[in-house]
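**Q** Take this structure first; my questions come after.
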Amino acid sequence: MLSLILLCRSGFEKECAAEIASVAGEGGIAGFPRTKEGTGFLEYPLTNEHNAVELARSLDFCSLIFARQGFVTFSTITDLPEKDKLTSIMTAIKAFLAENSGMAIPQSVLVESPDTAEIEGLKAFTTSFMHPLTRAMDNLRKGKKSDAVNRLHVFFSDYSKVFIGISRATFSSPWACGIPRLRFPKNSPSRSTLKLDEAFSALLTPEENQKFLAPSMKAIDLGAAPGGWTFQFVARQILVQAIDNGPMDKSLMNTGLVEHLREDGFTYRPRKPVDWMVCDMVEQPSRVANLAALWLREEHCRHLVVNLKLPMKKRYDEVRLCLGIIANQSGHDDKLIIRCKQLYHDRDEVTCFASIGPKG
Ligand SMILES: C[S@@+](CC[C@H](N)C(=O)[O-])C[C@H]1O[C@@H](n2cnc3c(N)ncnc32)[C@H](O)[C@@H]1O
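Residue numbers (this note's numbering): 719 to 1078.
Here you go:
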């Protein structure tokens, strides 16, 4: 029996389960979530027979809000030996490739584990396992065609249990465990800069990054102080109006690219339309969603990123409510793009990107 494996932020397994049950159900994929709070992942065993490669072709794990990473299993080993784990894993991979003889050997292979400290040393072990596995896969690939369409996943839930599976490379995260390796820029005034940096790489395509984030564009940052998000725009030579009663970082102001306005982010509107609005104000998520919808509806901006701080309970319901507000009240139904994710740098929050596309 095949399963889906989803990796998420520890403590959000229930939300991740509710979301996959809804998405898989809509796609006619029957299963049931197996979750344990605090484990940072969930298994979703499927009740019907499926072909793993075909199933992976139809499941876009990137579009899930609460899953950082996802794949379809083709083998689960529950009694890995203490010493030589590689032989058992390679035997399973070779058997799968033999059964799917039309398939070339995937170029991309990730070794993953839950993002928790629950099992001591497991993360370090998986990092060290990447090298021998990559070497074994390179040997297998020698003289053969390789495949850029699919990705192999080797996920250790503990030292003796491994789920081996497949995803479509464009439908899963290229980063192991869905955790991007972003460097904290030393001049940034706050660590939240990484949130917007991750949002740009996880929620926009590389083409959108180039087109939507060009030098000399204009952005408005609501709740900007001390300036971590503004920093991301300045690094791209984008002009920013920073709205906040609090003080902005001096070196950011010295760039000459930032204008600081001590105004209320909920009532402020630009005199002329801008390219971007971003908002990191700590407020009720539905209030922020309504503000986002208004900015798009009245075309004050073309694109936006807003952070939605989640309540303690019914967090999945709250996200759906907010996305509904943005989808239904922004206008531009035909061209509106909405993408939302709980990023690695998000805590009890999700980040949402919405766009009505470029001008003209
Ligand atoms: C989480 S911090 C923003 C951090 C910022 N994104 C960064 O990267 O440095 C939230 C900010 O929102 C501001 N804020 C909250 N309510 C606001 C409002 N109604 N209008 C303007 N700013 C507001 C606060 O003063 C605070 O500086």
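Note that beta-carbon positions come from the ideal geometry of N, C-alpha and C, so glycine has one too.
Give the secondary structure of Lys879 by DSSP, where H, G and I count as helix, E and B as strand, and everything else as coil.
**A** In this structure, Lys879 counts as coil in the three-state DSSP scheme.
**Q** Any idea if Leu1136 is buried or exposed, counting beta-carbon neighbours within 10 angstroms, 16 or more meaning buried?
**A** The chain is shown from 719 up to 1078; residue 1136 falls before or after that span and cannot be answered.
**Q** Kindly indicate which three-state DSSP category Phe789 falls into: helix, strand or coil?
**A** strand
**Q** Pair every Cβ in the stretch 892-905 with every Cβ in the stretch 811-821, then say whether three or more of these pairs are closer than 8 Å.
**A** Because the criterion of three Cβ pairs below 8 Å is not met, the stretch 892-905 and the stretch 811-821 do not touch.
**Q** If you measure from the CB of Met808, is any heavy atom of ligand 1 nearer than 7 Å?
**A** The answer is no for Met808.
**Q** What separation, rounded to the nearest whole angstrom, lies between the Cα atoms of Arg727 and Ser890?
**A** 16 Å
**Q** Is there at least one non-hydrogen atom of ligand 3 closer than 7 Å to the beta-carbon of Ser908?
**A** This structure lacks ligand 3; its bound ligands are ligand 1.
**Q** Opposite Leu870 in the DSSP bridges: which residues?
**A** Val827, Ile884
**Q** Between which two residues does the alpha helix (DSSP H) harbouring Thr852 extend?
**A** 840-859
**Q** Report the partner residues of Leu940 according to the DSSP bridge assignment.
**A** Leu940 is bridged by DSSP to Ile961, Cys997.
**Q** Around the C-beta of Leu939, are 16 or more other C-beta atoms found within 10 angstroms, so that it is buried, or is it exposed?
**A** Note that residue 939 is Asp in the sequence shown, not Leu. So Asp939 ends up on the buried side.
**Q** Any heavy atom of ligand 1 closer than 7 Å to the beta-carbon of Pro944?
**A** Yes; taking the cut-off as 7 Å, the Cβ of Pro944 has a heavy atom of ligand 1 nearer than that.
**Q** Looking at the secondary structure, which residues open and close the beta strand (DSSP E) in which Ala1072 lies?
**A** 1067-1073
**Q** Is Thr911 near ligand 1, going by C-beta to nearest heavy atom under 7 Å?
**A** Yes, since a heavy atom of ligand 1 falls inside the 7 Å radius drawn around the Cβ of Thr911.
**Q** Taking the beta carbon of Glu772 as the centre, do at least 16 other beta carbons fall within 10 Å, making it buried, or is it exposed?
**A** exposed
**Q** Indicate the three-state DSSP secondary structure (helix, strand or coil) for Tyr762 in the structure shown.
**A** strand
**Q** Would you say the beta carbon of Phe984 comes nearer than 7 Å to a heavy atom of ligand 1?
**A** yes
**Q** Could you work out which residue in Lys1053, Lys1059, Thr791 is closest to Arg1020 when comparing CA atoms only?
**A** Lys1053
**Q** Considering only C-alpha positions, which residue in the set Ala785, Cys1040, Phe792 is nearest to Asp833?
**A** Ala785
**Q** When the Cα of Gly964 is compared with those of Arg1015, Gly1049, Ala943, Glu981, which residue comes out closest?
**A** The option with the nearest alpha carbon to Gly964 is Ala943.
**Q** Classify Gln928 as buried or exposed, calling it buried when 16 or more other Cβ atoms lie within 10 Å of its own Cβ.
**A** exposed
**Q** Using a threshold of 7 Å, is the CB atom of Met999 nearer than that to any non-hydrogen atom of ligand 1?
**A** Met999 Cβ: within cutoff of ligand 1.
**Q** Is the beta carbon of Pro763 closer than 8 Å to that of Ser721?
**A** Pro763 sits close to Ser721, with the two beta carbons spaced by under 8 Å.
**Q** For Trp1013, is the beta carbon positioned less than 7 Å from some heavy atom of ligand 1?
**A** no
**Q** Please confirm whether Thr911 and Gly946 have their CB atoms less than 8 Å apart.
**A** yes
**Q** Any idea if Pro924 is buried or exposed, counting beta-carbon neighbours within 10 angstroms, 16 or more meaning buried?
**A** exposed
**Q** If you drop the 5 nearest sequence neighbours on each side, which residues of the same chain put their C-beta closer than 8 Å to that of Thr794?
**A** Ser721, Lys879, Val880, Phe881, Ile882
**Q** Give a yes or no on contact between the stretch 1026-1046 and the stretch 985-1003, applying the rule of three or more CB pairs nearer than 8 Å.
**A** yes
**Q** Using DSSP with H/G/I as helix, E/B as strand and the rest coil, what is Glu977?
**A** strand
**Q** Give a yes or no on whether the C-beta atoms belonging to Leu760 and Ala735 are separated by under 8 Å.
**A** Contact flag set, yes.
**Q** Classify Arg1015 as helix, strand or coil using the three-state DSSP reduction.
**A** helix
**Q** Taking Leu725 and Gln787 to be in contact with their CB atoms under 8 Å, please state how far apart those CB atoms are, rounded to whole angstroms.
**A** Rounded, the Cβ-Cβ distance is 4 Å, consistent with contact.
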